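Here's the structure we're looking at; comments come further down.
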Amino acid sequence: MSWTRTFLAALAVCALLLTGTAGCGSGAAREQGANGVSPSPVGKVLDDTDDEGRHYREVGEGNAPEVGIEVQPDPGVDGSWDVRLTLHGFRLSPAGARSRAVAGRGLAYLFVDGRLVTRLRTPEYRLSAGLLPRGTHQVTVRLYADDGTVWAVDGEPVERTAALTASEAETAATTTSASTSKPSPAALSAPGARSRTGGRGSPERSGEAS
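Taken in order, the sequence shown gives residues 2 to 211; the numbers are from my numbering.
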């Protein structure tokens, strides 16, 4: 019967279309994972991670956010330190923001000697004296997207590190600029200042900007 043959032919065409669609999807998935880089609406999520296993999110230098950090002893008597961030091309997300990567948005993670202290949603923070006992310390700020990935450029995280020395007799304040290359002249000329920029935050022996 002609209507039966027509119906069976239509079913065969539908099955072929469904099979072809599934095959195309599988091939695309294989292609996306071939080079170890996941596609993303914002940059590329790399295989590289921070110490906690959070993946880097690579963006072009022209679209990359910048961060600077200034650490000064608090004028009070409790021995605390005031931290102030300088942000360019980046806004700190408010509480309740969706867990997804948005260009130029996210949180600033604050580390002392490689240990996470807090996640900042404001550009100012006070470090208690107990976090910076007598000696030399590295205070690092690193920018993260709201989904927990690390903003990165050329495979390196967007971060800044300030070196400071805490002692009973005196304190050495540290300032770094928001530039991706060198600290500002004011930072270098600040009394007792030590500055360091770029990279993963590993200290220089001399304490000078790298």
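The C-beta atom is built at its ideal place from N, Cα and C for all residues, glycine as well. The model shown is predicted, which means the values in this text are computed figures rather than measured ones.
> Would A153 pass as a contact of Y57 if the rule is Cβ separation under 7 Å?
Replying inline: As a first step, residue 153 must be located in the sequence shown, where it is residue number 152. As a first step, residue 57 must be located in the sequence shown, where it is residue number 56. Cβ atoms of A153 and Y57: closer than 7 Å.
>> Do E59 and G44 have their beta-carbon atoms positioned less than 7 Å apart in this structure?
In response: What you label residue 44 is simply residue 43 of the sequence shown in a count that begins at 1. What you label residue 59 is simply residue 58 of the sequence shown in a count that begins at 1. Going by C-beta atoms, G44 is nearer than 7 Å to E59.
>> Alpha carbons only, please: which of S100, L108, S81 and L132 is nearest the one belonging to D114?
In response: In the sequence shown, the residue the question calls residue 114 occupies position 113. Cα-wise, what sits closest to D114 is L132.
> What first and last residue would you give for the beta strand (DSSP E) that runs through T137?
Replying inline: The sequence position of residue 137 within the sequence shown is 136, counting from 1. Looking at the DSSP string, the run of the beta strand (DSSP E) that includes T137 is G136 to Y145.
>> Considering only their Cβ atoms, is the gap separating V78 from L111 smaller than 7 Å?
In response: Here the question's residue 111 lines up with position 110 in the sequence shown. Here the question's residue 78 lines up with position 77 in the sequence shown. Not in contact: L111 and V78 (Cβ atoms no closer than 7 Å).
>> Helix, strand or coil, according to DSSP, for G131 in the structure here?
In response: Indexing the sequence shown from 1 puts residue 131 at position 130. DSSP places G131 in helix when its eight states are reduced to three.
> Could you give the C-beta distance for R101 and D147, rounded to a whole number, given that I count them as a contact under 8 Å?
Replying inline: Counting from 1 along the sequence shown, the entry for residue 101 is found at position 100. Counting from 1 along the sequence shown, the entry for residue 147 is found at position 146. Right, the Cβ-Cβ distance comes to about 6 Å (below 8 Å), so this counts as a contact.
>> DSSP three-state label for G63, please.
In response: Within the sequence shown, the letter at position 62 stands for residue 63. The answer is helix: DSSP assigns G63 an H, G or I state.
>> As a quick exercise: from S168, D83, R55 and D52, pick the residue whose alpha carbon is nearest that of G1.
In response: Outside the displayed span of the chain (2 to 211) sits residue 1, for which this structure offers no information.
> CB L121 to CB A109, shorter than 7 Å?
Replying inline: What you label residue 121 is simply residue 120 of the sequence shown in a count that begins at 1. What you label residue 109 is simply residue 108 of the sequence shown in a count that begins at 1. Yes, the Cβ-Cβ distance between L121 and A109 is below 7 Å.
> Are L88 and V118 closer than 7 Å when you measure CB to CB?
Replying inline: Against the sequence shown, residue 88 aligns to sequence position 87. Against the sequence shown, residue 118 aligns to sequence position 117. Taking 7 Å as the Cβ cut-off, L88 and V118 do not qualify as a contacting pair.
> Can you name, in chain order, every residue of its own chain whose Cβ lies under 8 Å from the Cβ of A96, other than the five neighbours on each side?
Replying inline: Residue 96 sits at position 95 when you count from the first residue of the sequence shown. The residues are R122.
> Quick one: Cα of R127 to Cα of S81, how far?
Replying inline: Along the sequence shown, read from residue 1 onward, the residue named residue 127 stands at position 126. Along the sequence shown, read from residue 1 onward, the residue named residue 81 stands at position 80. Roughly 7 Å between the two C-alpha positions.
> Can the beta-carbon of E125 be found less than 7 Å from the beta-carbon of R85?
Replying inline: Stepping through the sequence shown from its first residue, residue 125 is reached at position 124. Stepping through the sequence shown from its first residue, residue 85 is reached at position 84. Their beta carbons are under 7 Å apart, which means E125 touches R85 by this criterion.
> According to the Cβ coordinates, are L144 and G90 closer than 7 Å?
Replying inline: By 1-based counting over the sequence shown, the position of residue 144 is 143. By 1-based counting over the sequence shown, the position of residue 90 is 89. No, Cβ-Cβ distance for L144 and G90 is not below 7 Å.
>> Please classify P76 as buried or exposed, where buried requires at least 16 neighbouring CB atoms within 10 angstroms.
In response: If you number the sequence shown from 1, residue 76 lands on position 75. It counts as exposed.
> Would you call the CB atoms of V140 and P66 closer than 7 Å?
Replying inline: Reading the sequence shown from its first residue, position 139 is the one you call residue 140. Reading the sequence shown from its first residue, position 65 is the one you call residue 66. No.
> If we ignore side chains and look at the alpha-carbon of each, how far apart do D52 and H138 end up?
Replying inline: Taking the sequence shown and counting its residues from 1, the one referred to as residue 52 is at position 51. Taking the sequence shown and counting its residues from 1, the one referred to as residue 138 is at position 137. Taking the straight line joining both Cα atoms gives about 18 Å.
> Taking DSSP as the reference, what is the three-state secondary structure of E53?
Replying inline: Translated into the one-based positions of the sequence shown, residue 53 becomes position 52. Here E53 sits in coil by DSSP.
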